[in-house]
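Line by line, the protein sequences give chains A, B and C. Whatever position you read off the first sequence (first residue = 1), add 75 for our numbering. Whatever position you read off the second sequence (first residue = 1), add 75 for our numbering. Whatever position you read off the third sequence (first residue = 1), add 75 for our numbering. A virtual CB, placed ideally from N, CA and C, is assigned to each residue, including glycine.
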Amino acid sequence: MDAGREKVHSLNELATLLDGELRGDPHRMITGVAGVERVGAGEITFAEDKDRLQQALASAASAVVVPRSLSAHLPDEPGKPVLLVENARLAFARLLGLYQPVERPAPGVHPTAVIHRRALVGKNVSIGAYVVVEAGARIGDGVVLYPGVYIGTGSQVGNDSILYPHVVVRERCQIGARAIIHAGAVIGSDGFGFVTVNGKHEKIPHIGTVIIEDDVEIGANTTIDRGTTGPTRIGRGTKTDNLVQIGHNCDVGESCLLVAQVGLAGSTHLGHHVTLAGQVGVVGHLTIGDHCIVGGKSVVAGDLPPGSFVSGIPARPHTQEMRVKAATRKVPELLQKVRELERRLAELESRLSEAQREPQPVQPKAKAP
Amino acid sequence: MDAGREKVHSLNELATLLDGELRGDPHRMITGVAGVERVGAGEITFAEDKDRLQQALASAASAVVVPRSLSAHLPDEPGKPVLLVENARLAFARLLGLYQPVERPAPGVHPTAVIHRRALVGKNVSIGAYVVVEAGARIGDGVVLYPGVYIGTGSQVGNDSILYPHVVVRERCQIGARAIIHAGAVIGSDGFGFVTVNGKHEKIPHIGTVIIEDDVEIGANTTIDRGTTGPTRIGRGTKTDNLVQIGHNCDVGESCLLVAQVGLAGSTHLGHHVTLAGQVGVVGHLTIGDHCIVGGKSVVAGDLPPGSFVSGIPARPHTQEMRVKAATRKVPELLQKVRELERRLAELESRLSEAQREPQPVQPKAKAP
Amino acid sequence: MDAGREKVHSLNELATLLDGELRGDPHRMITGVAGVERVGAGEITFAEDKDRLQQALASAASAVVVPRSLSAHLPDEPGKPVLLVENARLAFARLLGLYQPVERPAPGVHPTAVIHRRALVGKNVSIGAYVVVEAGARIGDGVVLYPGVYIGTGSQVGNDSILYPHVVVRERCQIGARAIIHAGAVIGSDGFGFVTVNGKHEKIPHIGTVIIEDDVEIGANTTIDRGTTGPTRIGRGTKTDNLVQIGHNCDVGESCLLVAQVGLAGSTHLGHHVTLAGQVGVVGHLTIGDHCIVGGKSVVAGDLPPGSFVSGIPARPHTQEMRVKAATRKVPELLQKVRELERRLAELESRLSEAQREPQPVQPKAKAP
């Protein structure tokens, strides 16, 4: 590894890389990238909005990436070079990639790695110390297996995927290309399924598998159970955060985001582009449509049509949930108000009864009871 | 391992194994088992209910397991062999076990396993690469320790238990017979206990242990803390799902089910046959009676008598909780209705007061205010 | 390891150690410590309150630690030696430390540890089997790395810290002195950050780091993500329980307690002495003041001033939340009561209208409609 290697690029190079319009010295050299709160001399930063723009121009940064939409807010003399781009966050992501310390382990197979003679290993891989690759497994080209990774019998890891230390991939699972699996994640543990006979839980063997498609990222210590028969599937481009649980036979669509500590019970289908915020739970055997968004800590207990935005326990349309939550906060006063209404109503009833019983003329009473 | 080995059994053999009544060709050979959605030719599937029965009979399956209770719904000519059994799900579980690829590692101790000379290892074990077994540990007969398992000083693993990769069993813990511990689980970490003196948290050393009884299954990346003094105990036949947290000195009864991401605070007692659905939290020092059921995402904040079915935050009887939840949804309209009642009441009050002030005869007003 | 070594101390020694006042035989030998429920002859126990005092004096214990505040409740003849101290829980913690089996691994570096030649390792360390320490890493004096620990490129572990089996510390992270990191914890995984372009999630590289200050304890299988740029920080003396998630760029103050399964989204600041109970979620980019307490399973969705005590989803002042929860339980009856009020009001309205339409004299009606 070469974590310490310094990288330097001219603003001209950066403008070309980011397809941006440079206003300022093209030969200025940039040595790094940082957020506006901590940027130093020699580094480049970015401004997402007007406020950040002032802050960035006043900072020690040697250049600022600015979205074209803010160009009207640029002073005539910004005081430092400015790089105008379409999407400043995307440009920032690319700069982070460019200036990222070279942390990829060098290619090669560590002598302590235990690779079964019936496993297939591609070209240009980095396989760290104490990795175990079982019989029949296939490791694609350019794959990085950090120390202590375990690849079970017959499992596959696609080209250019990175598995961080201690990732466990149990038998017969498939990981696609360019996947990133963070440390301690477990892929292919048995599903939680039992037949209860006379109060005793008999295990249902799980002979299915897990299929993780291309460009998926799986968070640290996340667990994904294998199917009973057939696969649990994570669609292309989906990203899960840390400590997420995905039950047996779930089918997660493409480009979903599952934030930390989300749990999916078994056999649930998520469409494409679904976002589940942190700590959400989804009941089993449901169908969640494309582009659904579920607010944090909610429980999804029924199917959701595409494009739903829900929250709550159980989840319902978010604006409705917000309305109910706001209203609920008023229940203590409501109870009091209803008691008061009851009192006034009783008084009214007795006044009217009295009036109807009494001879005329009807007259104001000296004092209300 | 022999994951790829094909297995074939005649229907006659299967009928004997499942103690079932075969209607159809006893010599037909069955090569596998699958759910009705994905069953292929040569395979057997099962029908839980009437709908599934139609689907199964129409599928490519070469035979169908049917509960005796559905036999009246069988057509005279079912079109394929049918195997009548008492409990179709149980039969399915057994078939899955029968057709499961042989995934148990071969017996033997991998040369890289570091086993302390003062550890005892039983017969017919499979101990994988990079396993560490510390001094005084005892590994029973037929135990499988997958690569990277750690067994601490003085800990015991009972006969025929299976510990998946990277399971950590800290010092002086006991695992019973036939236990299954999934990858990444941590048994015997320190309890979360501190004495706060002048705002500083001083650690309470945890010198207790963890006792996991026979036939327990522990999910992937689950954590079970050791007792302060005395054990944290998991009763015989209990199953936990993934990412479950069990605090120090908890005492979990027999045949409980703890679904994914459940958390038990310290010193809580669960009776036998308790079911905690996903993401439930249980406060410390409580007693939960036998056969209690707690709905998903609930918080149990008080003792529960045996047989309780509770849900909510905090949990109360489930039907009551459902009633409150349903009623709460109507609070926004209720607020409006009460405002309306208030208005009508005020009007009535003023009408009555006016009537009592006015001379008779009382007459309808032209327009309500 | 010497887990089995017996330890024996006289009451006189214990009194000196705990700075306590001994009433009874100073030469009595004590062989261990246990909670009052399981204490045996030869052992010492402690009494927190009056009830426990009776129980402790009646137990098999050979001596009892009693807070000075309970001395008035001691019988003239307590029947066994009593050790009066200021803080009985603290004394108990110290006794647990004293009688703790010697479980620290012996100093030395296991021959299977893979330590990069450009890593620096201090004096008197215990480095277990299959540990991996990458280039540029620095391991302080007296550090214990249990088997399978991974220390990434350029990371540092301060003096006397203990990392339990399979802890993963990714590249360029810093762990302070006397830290305890429990098994399976992951420090420095990538933050969960993406730029979504045309529905595709592009990864934001995370080139920041994690800084864990002195005297911090991190629970088993907890995950702490590295910053985008700049560090995620855990302040001195803070303790997290198991399965906690801390997002990128969070800044957690000193002496906080984060109970099991808590999740912090990115860029949130916690002050000092903050307590988050189990399963709490905190939204990103918030500021939580010093000494705040958040009740179990709550969601903090806004900044909190110092000293707040909040609970609920979303969290609000705890007493207010309790009031709303209690009131909400009455909503089903409230709905009924309001329906009844409506009925009575309608009746009253029609009675009054009738009365105003009818000629006088107003008389009671035979029967209400």
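- When the beta-carbon positions are compared, glutamate 209 (chain B) and alanine 188 (chain B) stay at least 8 Å from each other.
- One Cα belongs to leucine 423 (chain C), the other to lysine 405 (chain C), and the distance between them is close to 26 Å.
- Restricting attention to A:Gly268, A:Asp265, A:Glu246 and A:Gln231, the CA atom closest to the CA of alanine 252 (chain A) is found in A:Gln231.
- In chain order, Gly223, Pro240, His241 and Gly259 make up the part of chain C whose C-beta sits under 9 Å from the C-beta of histidine 241 (chain B).
- In summary, no residue of the segment 118-149 of chain A has a CB separated from any CB of chain B by less than 8 Å.
- For secondary structure counted as the beta strand (DSSP E) over 3 or more consecutive residues, the segment 148-227 of chain C holds these complete runs in sequence order: 157-160.
- Of the candidates A:Gly115, A:Asp100, A:Ser144 and A:Ala109, A:Asp100 places its Cα closest to the Cα of valine 157 (chain A).
- For the set C:Asp326, C:Thr297, C:Arg301 and C:Gly322, the Cα lying nearest the Cα of isoleucine 309 (chain C) is the one of C:Asp326.
- Interface with chain C (8 Å Cβ-Cβ cutoff): aspartate 316 (chain A) is included.
- One Cα belongs to leucine 238 (chain B), the other to glycine 356 (chain B), and the distance between them is close to 26 Å.
- Segment contact: the segment 386-395 of chain B against the segment 369-380 of chain A, fewer than three CB-CB distances shorter than 8 Å; contact not assigned.
- Under DSSP, the beta-bridge partners assigned to threonine 362 (chain A) are A:His344.
- Looking at the DSSP output, proline 392 (chain B) sits in a beta bridge with B:Val385.
- Each residue's CA atom was taken as its position, placing glycine 115 (chain B) and serine 201 (chain B) some 34 Å apart.
- The beta carbon of valine 261 (chain A) sits closer than 6 Å to the beta carbons of Val243 and Thr298 from its chain, once the five residues preceding and following it are set aside; these are given in chain order.
- Note on geometry: alpha-carbon atoms of valine 108 (chain A) and glycine 341 (chain C) lie some 19 Å from one another.
- A Cβ-Cβ contact shorter than 8 Å links glycine 203 (chain B) with proline 222 (chain B).
- Across the segment 340-364 of chain A, CB contacts with chain C closer than 7 Å involve His348, Gly353 and Gln354, in sequence order along the chain.
- For methionine 104 (chain A), the beta-bridge partners assigned by DSSP are A:Ser85.
- For arginine 419 (chain A), at least one C-beta of chain B is nearer than 8 Å to its own C-beta.
- In this structure, glycine 283 (chain C) sits away from asparagine 317 (chain C), with a CB-CB distance that is not shorter than 8 Å.
- The beta carbon of histidine 347 (chain A) sits closer than 8 Å to those of Gly310, Gly328, Glu329, Ser330, Cys331, Asp365 and His366, all from its chain and outside the five residues before and after it, given in chain order.
- Proline 381 (chain C) and arginine 426 (chain A) have their C-alpha atoms spaced approximately 53 Å apart.
- Here DSSP, grouped into helix, strand and coil, assigns leucine 339 (chain C) to strand.
- Scanning its chain for C-beta atoms nearer than 6 Å, with the 5 sequence neighbours on each side dropped, one finds around serine 386 (chain C) the residues Gly370, Ser373, His393 and Glu396, in chain order.
- Residue environment for glutamate 112 (chain B): exposed (fewer than 16 other C-beta atoms within 10 angstroms of its C-beta).
- For arginine 127 (chain B), the enclosing alpha helix (DSSP H) starts and ends at 125-133.
- Per DSSP, reduced to three states, the secondary structure at lysine 278 (chain B) is strand.
- For leucine 97 (chain C), the enclosing beta strand (DSSP E) covers residues 96-98.
- Within chain C, the residues Tyr239, His257, Ala258, Gly294, Ala295 and Asn317 have their CB atoms less than 8 Å from the CB of serine 264 (chain B), given in chain order.
- For leucine 128 (chain A), the closest of A:Leu145, A:Ser137 and A:Ile119 by C-alpha to C-alpha distance is A:Leu145.
- Closer than 8 Å to the CB of alanine 401 (chain A) there is not a single CB belonging to chain C.
- Check the Cα spacing between alanine 258 (chain C) and each of B:Val285, B:Val291 and B:Asn296: the tightest is with B:Asn296.
- Taking 8 Å as the upper bound on Cβ-Cβ separation, chain B lies near residues Gly274, Lys275, His276, Glu277, Lys278, Ile279, Pro280, His281 and Ile282 of the segment 273-289 of chain A.
- When the Cα atoms are used, glutamate 246 (chain C) and leucine 361 (chain C) turn out to be separated by approximately 27 Å.
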